[in-house]
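Below is one structure, written out as structure tokens; comments come after it.
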Amino acid sequence: MPPRRDLKKILIIGSGPITIGQAAEFDYSGTQAVKALRGAGYRVVLVNSNPATIMTDPELAERTYIEPLDLEHLEGILAREAPDALLPTLGGQTGLNLAMALHEEGILQKYGVELIGAKAEAIRKGEDREAFQEAMQRIGLEVPRGQLVGSVEEGLHFAREVGFPVVVRPSFTLGGTGGGIAHDEAELVEVLSRGLTLSPVHTALVEESVLGWKEFELEVMRDHADTVVIITSIENVDPMGVHTGDSITVAPAQTLSDVEYQRMRDAAKAIIREIGVETGGSNIQFAVDPKTGRQVVIEMNPRVSRSSALASKATGFPIAKIAALLAVGYRLDELPNDITRKTPASFEPTIDYVVVKIPRFAFEKFRPLRNTLGELKDELTTQMKSVGEVMAIGRTFKEALMKALRGLERDVRALAGVRTEELEKKLYPNPDRVYAVMELLRRGMPVEELYQATRIDPWFLHQMKEVVEAEEWLKTHPPKDREDWRFYKGLGLTDRRIGELVGKGEKEVRAERKALGVVPVYKTVDTCAAEFEAYTPYHYSTYELEDEVWPSQKPKVVILGSGPIRIGQGVEFDYATVHAVWALKEAGYETIMVNSNPETVSTDYDTADRLYFEPLTLEDVLNIVEHEKPIGVIATLGGQTPLKLAKGLEEAGVRLLGTPFSAIHQAEDREAFHALCQRLGIPQPEGRVAQSPEEALRLAPEVGFPLLVRPSYVLGGRAMQVVRDEGELKRYLEEVYAPLEERPSILLDRFLEGAVELDVDALSDGQEVMVAGIMEHVERAGVHSGDSATLLPPVHVPEEALKKVRDYTRRLALALGVRGLLNVQYAVVGEEVYVLEANPRASRTVPFVSKAIGVPLAKLAALIAVGKTLKELGVRDLDPVPPYYAAKEVVIPWIKFPGVIPELGPEMRSTGESMGIDQDPYLAYYKAELGAGQRLPLSGRVRFIGEGLEDLKALYQEAGFALTEGEDYDLLISLVPDPELRRAVERGLPFITTREGAWWSLKAILRARESGLRVQSLQDWHQKAPRG
Amino acid sequence: MAGVKERAVLVLEDGTVYHGYAFGARGKTVGEVVFNTAQTGYQEIMTDPSYHGQIVVMTYPHQGNYGVNVYDMQSNRPWVRGFVAKEFSRVASNPRAQQTIGEFMEFYGVVGIEGIDTRALVRKIREGGVLKGTIAHASLFGAPDHAFTQEELEALRREAQAWTDIDGRDMTPEVSTPLPYAWPTLKSGRRIVVMDFGIKHAIVENLAALGFEVIVVPGKTPAHQIMALEPHGLLISNGPGDPTMPRYAHETIWKLMGLLPTFGICLGHQLLALAAGGRTFKMKFGHRGANHPVKNLQTGKIEITSQNHGYAVDIDSLKDFRPTHVNLNDGTLEGMAHARYPVFSVQYHPEAAPGPHDALYLFRRFLEEVEAFHGATGLPVEKQRADQHGI
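Sequence lines, in order, name chains A and B.
Everything in the first sequence is counted per full-length UniProt numbering, starting at 1 for the first residue and increasing by one.
Everything in the second sequence is counted per full-length UniProt numbering, starting at 1 for the first residue and increasing by one.
Shown next, in the form of structure tokens:
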């Protein structure tokens, strides 16, 4: 059947700001879908509030709306665009919930918009736990015994019946938010009451526990002709009880026999049919009793998910792309398998390697320094907490595991110094568990004991044991020939690790290995285990015989990606590297992407000419560079991860394209940078460096209080604090600095009271400098720049100061020798401008600025790196200022960390951002707030907590708000970390924690009252912007 | 790795050498080297008589993870002449496991090799077609870490080259039951005679599960002896080897054509085509795996199928039969039905084991054909046809 010609225009909803449970995987799936549908001749309208995504690039969809993801704005877009259909399955839970709400409110019917991909009834049956359980019973599949409850009493009653522990799963929440395990009645009361509050329909499922059972997932696809295929199975190394997003997972399943796997496959086919997902992908989870092999169905997601992104990267089968095409009427057997070209997509991928995914966590960011409701535990539960993930491909599980572990950028022997008794205490589910298990294996703990403590399947434990045993053997039997070398390297041991074991340096080991001709070979991900010839340039390394990947003769550029997403290094950097790929491709270079993050667009094999799915370590990157012999490497667009490799690459003789390492070093080195600023006559806040706490106390008066104090090299603002007197400084040194293991030097900087902070993104070709965007921070100094709301252009900074900002930025860029992007942070007091820091690399604001001014900065930066000038690139306006305002607000996953009180500080905690655009700065801010999920009330009751808020109270009262001291507030404003803030988080009510935020919000509310809702596409906004 | 691993080689007839490590029964083995892309089901594959004469390379790197048990046997012993994997598991992790794969291979004398670049080997077979090869373990020549000499490798190559081809050989006597036997079933429904050319248990189990009474007879059983058993239906089994060689089977099948509802699977499908005057050919590297898409031309539906064959029926040579199923990867014939009689066959394995269950409906279809045939026409017609054929 040909695709549906009755549909012309299709709306796709994105997943909003990156948050825990909804990360870059939906940028990947949305981007694929937009490209596929446009390629099939459809017009695509896209809406997403998240500017840091590829999908919101104005070139991608026909019309792009960066608008809040709520019913009002969606209705506005439907009215304006009149699409024929809405594809709801690609924007994660957010997109699905919104589509359901549009359906239930009758809005889709009103505008004649059809839901394609999954009908409302199928979505309800898949998502509503009770309906799902009924459906499973109808087709004779077992589920854990459970009951849907609407009250804590009902839940307690059921739990007494089936026995503790029980699992609580609130209906319709994201990434298991509000869910958890209750081991006794008291825990159940706590978990269930929170779950009921968080569920939009105020119900939750209380279930028999299958804790410690083995967990499996199948990725299933179906077309309208009822062809069903399984893309891959996934086995969770961490057993049931840990959210699959927080588990180490392996594809394909390792411990299922064919009989068991086929039973699961039969069940998956029956489920997707019974639920009625007509076309597209679904993820189905199963639990298996390790003692009996009994299988029960846990849940299904009737949409593209994080696991489907992983499955796509694990097999080479592009699930989101195919799902989009199936939704418009293609059949699987009509679509070619891109990889083989000759065979159809109606098959099941088979792989000849092993894929391991390990989540990355950010618990350290949420360990409050003080004022907590309780100790934050790092225990992993059914509620997802990881912020990113790393994937690795190896020819064996051992190789893939070790590659994934080094891809996390953490020493595999991180726990080597920990005493055995302490390690034994780290065997509950937590981010360190895999390190603890391996360390205990090294110390001789039997697999059986580790199994009893962890319930990790013995097969995985044995694999880890084999690595550990080989390490031990290696100490006395250094590799003597090529077979030996290949054996050890094939276990995933790095040169550095081998060096440690045989008492040599990394470089020496590398040289010895290479002298014997032992270098990695590259294999291809081809969906078919080499049965057919593959055309897809998607590769991984291993230590075997045959290298399948032949470098071409074309000039090539290697672009280093940013690795797993973490707080401070998010999807923005993927955006920048993908743009670099696109620009260099257009310019005729062969582009080579190296990255280890399965969620992203950069690791779509469609993006670069070649994709090496490899850990971002010096050893792995050098291997690729030596294999491909590119003209150079771009390390300045992917954040800190590739930047950390710059020095080693340069020392190894690799040419870094763009800004040279010397500039990076000069900007990062405090002394060097200070000297440069002095030479250029650019003021810096008064500052000193102390080598010890004693010296810090002695130097502090020289700088003068208040002081911004921090350790010299801790990244992301960790352990940074404003201290107002000697007492506070002493406390800081004892409580924050003393526990730091490495004893870094201490930086003391004058804290500029009342200063406005500015963030500047500039682009330099070495001669000319484009000051692309100047952003005003809403929150003042002391709040990490990554957590502050920002406005572009600035609203409250005098033109005199802005002139200085432009001038200083230009002087810094030229003096540092920047060839590419430069981010500078300033503090402005009146007309005085002080430079705080400069980073000659892509910053996290690059996508926001690019979208605000309509100029693709990262693309230009990549072209400058290969020698183009701004003039050649057609950049005429070196100081673009749009005739409208763009606001950015951040999203912080407070909800995922029970007990943590929201508070902005020098520690960055946001995972994502939203953007709002309007003629008026305060309306832009209002929209950004809505986009970030902060629904500011236009009227109602405000509760203030804290001292000295009389001025704010008066302003809010004047604006017609009533003040309250009770829990009946519509908005909470607390400048102190009061427990009420936590309750606001859990009740889903808007709250503000800074004076500036309260002031901006009020201005925004006043403007929003006057003005009606407006939606406008990014393409229309850019018509108004001066072309860069 | 606690200790020295014994080295091993796989030497192909063209002289290619893969260095790896010894696994399974110690020694040496020669056979036709083929690959299978199924990610699960090694035990079913090893014990499938259709692999008689072949060294099987598994493309999935880890084999043996879930051990071996008595339930998943497809015959009473392994038939593969050698087994090759990137890595064999030392432990079995599954509640159904009774042995490790190493214990199983040692017990039945299956020689294995691991630690080789199986992907390179598969690519070689894909490009150049199947080759014969020899696996040899170092302990045959010396110490476990013995370095194979050029002379030793050349001798192993010659051994591979000299080994009898599967082509042009009738393997039925080696795999078929020597005597007829009844499959134990509780019910006594319609009786099916199975011509055994190396049958898998899963086929018989599927028949038994539908209530059939099953009698398995040697592949060489002549037509009149089969008819003497008064069957209601005939199943022609899978099996190894060149389908053109058992000429007696072509004759038997030709004689029985139209007398009984008939179902042919794999080799059985090829034998049916040959009996009706069709042609078969040897494929470059065959179909062996559990992910091949097949389109049912009658319903338009797609089935993911389990496959294991090195020969195929030439789709253009069909006489009296029409195609019912085709392979979507390469367009080869996957199923056919007789124009007049209730006789049909598939090239793939509806019984799976290992593989997806998408085609189990074919057994039900067989049941329906049997019921319809005997319900509608009754015995007299059957007798009439038998007379015509002179049985």
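Where a beta carbon is used, it is the ideal one built from N, C-alpha and C, also for glycine.
Using 9 Å as the limit for Cβ to Cβ distance, is residue 35 of chain A near chain B?
With 9 Å as the cut-off, residue 35 of chain A does not count as an interface residue toward chain B.
Closest to residue 599 of chain A by CA distance: which of A/580, A/590, A/611 and A/571 is it?
Taking only the C-alpha atoms, the option nearest residue 599 of chain A is A/571.
Taking 9 Å as the cut-off, decide whether the C-beta atoms of residue 456 of chain A and residue 238 of chain A are in contact.
A contact, by the Cβ cut-off of 9 Å.
Where does residue 402 of chain A land, buried or exposed, given buried means 16+ other C-beta within 10 angstroms?
Here residue 402 of chain A is buried: its Cβ has 16 or more other Cβ atoms, across all protein chains shown, within 10 Å.
Give the residues of chain B in contact with residue 353 of chain A, contact being defined as C-beta atoms less than 7 Å apart.
Residues of chain B with a Cβ closer than 7 Å to the Cβ of residue 353 of chain A are, in chain order, 61.
Through-space distance from residue 878 of chain A to residue 802 of chain A, alpha-carbon basis
Between residue 802 of chain A and residue 878 of chain A, the C-alpha separation is close to 14 Å.
Where the beta strand (DSSP E) through residue 901 of chain A begins and ends
Neither: residue 901 of chain A is in no beta strand (DSSP E) and is coded neither H nor E.
Between the Cα of residue 71 of chain B and those of B/86, B/44 and B/144, spot the shortest distance and give me the residue it belongs to.
Minimum Cα distance to residue 71 of chain B is reached at B/44.
In three-state terms, what does DSSP make of residue 677 of chain A?
In the structure shown, residue 677 of chain A sits in a helix (DSSP, three-state: H, G or I).
Quick check on the DSSP output: what are the complete alpha helix (DSSP H) runs of length 4 or more inside the stretch 557-620 of chain A, in order along the chain?
Scanning the stretch 557-620 of chain A from its first residue to its last, the whole alpha helix (DSSP H) runs of 4-plus residues come out as 571-586.
Strictly below 9 Å CB to CB, what residues from chain B border residue 293 of chain A?
Result: 94, 95 and 96.
Measuring CB to CB, does residue 45 of chain A end up less than 9 Å from residue 31 of chain A?
No, they are not a contact pair.
Per the contact definition of three or more C-beta pairs closer than 8 Å, is the stretch 53-66 of chain B in contact with the stretch 105-120 of chain B?
Under the Cβ criterion (8 Å, minimum of three pairs), the stretch 105-120 of chain B counts as touching the stretch 53-66 of chain B.
Would you please verify whether the beta carbon of residue 35 of chain B is less than 9 Å from any beta carbon of chain A?
Yes, contact with chain A.
In or out: residue 939 of chain A buried (at least 16 other Cβ within 10 Å) or exposed?
The residue is exposed, with fewer than 16 neighbouring Cβ atoms inside 10 Å.
Taking only three categories from DSSP, how would you classify residue 887 of chain A?
Assignment of residue 887 of chain A by DSSP, reduced to helix, strand and coil, places it in the strand class.
Report yes if the CB atom of residue 98 of chain B is closer than 9 Å to the CB atom of residue 67 of chain B, and no otherwise.
Yes, these two residues count as a Cβ contact at 9 Å.
So, does the CB of residue 877 of chain A fall closer than 9 Å to a CB anywhere in chain B?
With 9 Å as the cut-off, residue 877 of chain A does not count as an interface residue toward chain B.
Just list the residues that DSSP pairs residue 65 of chain A with in beta bridges.
DSSP lists A/47 as partners of residue 65 of chain A.
Could you tell me the boundaries of the alpha helix (DSSP H) in which residue 1031 of chain A lies?
What the structure shows of chain A is the stretch from 1 to 1028, and residue 1031 of chain A is not part of that stretch, so it cannot be assessed.
What does a CB cutoff of less than 8 Å around residue 583 of chain A pick up in its chain, not counting 5 residues either side in sequence?
So the list reads 856, 858, 859, 860, 862 and 863, once near-sequence residues are dropped.
Unbroken stretches of the alpha helix (DSSP H), 4 residues or longer, contained in the stretch 181-206 of chain A
If only complete runs of 4 or more residues are kept, the stretch 181-206 of chain A shows the alpha helix (DSSP H) at 185-198, in order along the chain.
Please report the residue range of the alpha helix (DSSP H) in which residue 641 of chain A lies.
Per DSSP, the continuous alpha helix (DSSP H) segment holding residue 641 of chain A begins and ends at 640-651.
Check whether the Cβ of residue 224 of chain A lies closer than 9 Å to any Cβ atom in chain B.
No, residue 224 of chain A lies away from the interface with chain B (no Cβ there is under 9 Å from its Cβ).
Since residue 688 of chain A and residue 702 of chain A should fall inside the 8 Å C-beta cutoff, what is the C-beta to C-beta distance between them, to a whole number of angstroms?
With a contact defined as Cβ atoms closer than 8 Å, residue 688 of chain A and residue 702 of chain A qualify at about 6 Å.
With a cut-off of 8 Å, do at least 3 Cβ pairs link the stretch 167-177 of chain B to the stretch 242-250 of chain B?
The stretch 167-177 of chain B is in contact with the stretch 242-250 of chain B.
With distance defined between alpha-carbon atoms, name the residue in A/828, A/810, A/841 and A/830 nearest to residue 822 of chain A.
When each option's Cα is compared against that of residue 822 of chain A, the closest is A/841.
Just list the residues that DSSP pairs residue 9 of chain A with in beta bridges.
Partner(s): A/43.
What does a CB cutoff of less than 8 Å around residue 42 of chain A pick up in its chain, not counting 5 residues either side in sequence?
For residue 42 of chain A, where only same-chain residues beyond five positions count, the Cβ hits under 8 Å are 7, 8, 9, 10 and 328.
Which residue from B/219, B/185, B/238 and B/42 puts its Cα closest to that of residue 177 of chain B?
It is B/219 whose Cα lies nearest to the Cα of residue 177 of chain B.
Residue 306 of chain B and residue 353 of chain B closer than 9 Å at C-beta
Yes. Within cutoff.
Tell me the DSSP secondary structure of residue 190 of chain B in three-state form.
Residue state for residue 190 of chain B is assigned as coil, using DSSP reduced to three classes.
Counting only C-beta atoms, is residue 265 of chain A closer than 9 Å to chain B at any point?
Cβ-Cβ to chain B under 9 Å: yes for residue 265 of chain A.
Pick from A/124, A/733 and A/923 that is closest to residue 98 of chain A, judged by C-alpha positions:
Residue 98 of chain A has its Cα closest to that of A/124, out of A/124, A/733 and A/923.
Closest to residue 325 of chain A by C-alpha separation, out of A/38, A/129 and A/680, would be which residue?
Looking at the Cα atoms, A/38 is the closest of the given residues.
Proximity test, residue 289 of chain A beta-carbon vs the ligand ZN heavy atom, cut-off 8 Å:
Annotation note on the ligand ZN: not contained in the displayed structure, which lists no ligands.
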